[in-house]
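Under UniProt numbering, the residues of the sequence shown are numbered 1 to 119, in order.
Ideal Cβ positions, reconstructed from N, Cα and C, are used throughout, including at glycine.
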Amino acid sequence: MNGVARVGEASSTDKSARTTAQIEADITRTRTRLAATLDELAVRVHPTTVSAQVKAKAVAAVEEKAGRAYVAASGLVEQARAQFVDEKGRPRKERVVPAALVGAGLVLLVVSARKRRKG
1 MNGVARVGEA SSTDKSARTT AQIEADITRT RTRLAATLDE LAVRVHPTTV
51 SAQVKAKAVA AVEEKAGRAY VAASGLVEQA RAQFVDEKGR PRKERVVPAA
101 LVGAGLVLLV VSARKRRKG
């Protein structure tokens, strides 16, 4: 074998050199690692852990979408604001007055429609 041992295989001199105590210690270490692995797997697949992970992912997705919606809304508000103020932040009367009149007209229309329904 050219003096090279395969993974998981010990050479014949290694096998004869190991004592019973060493073999038992290896078995104990392997059992301990296996128990730790099984404990970790049990925690990972426990319903509480799974539901917490699903909840965390859902919350993250909602927060991401809410953040994107906020950024989009902020951009729209800024665009609308830019229509009614100049570069120095002063109101543009030629645009504010017509918009205010349209808004007042809509309010009067809604109020008048409600009065007709009631009376």
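Residue i: first and last residue of the uninterrupted alpha helix (DSSP H) it sits in
| i | result |
| --- | --- |
| Thr48 | 47-84 |
| Gly105 | 93-118 |
Cβ pair residue i, residue j closer than 7 Å
| i | j | result |
| --- | --- | --- |
| Phe84 | Val97 | no |
| Thr49 | Val43 | yes |
Spatial distance of residue i from residue j (CA atoms)
| i | j | result |
| --- | --- | --- |
| Ala80 | Lys118 | 36 Å |
| Tyr70 | Val59 | 16 Å |
| Glu63 | Ala82 | 28 Å |
| Gly75 | Arg68 | 11 Å |
| Asp86 | Leu109 | 31 Å |
| Gln22 | Arg29 | 11 Å |
| Arg18 | Ala25 | 11 Å |
| Ala100 | Gln53 | 50 Å |
| Arg114 | Leu106 | 12 Å |
| Thr32 | Pro47 | 25 Å |
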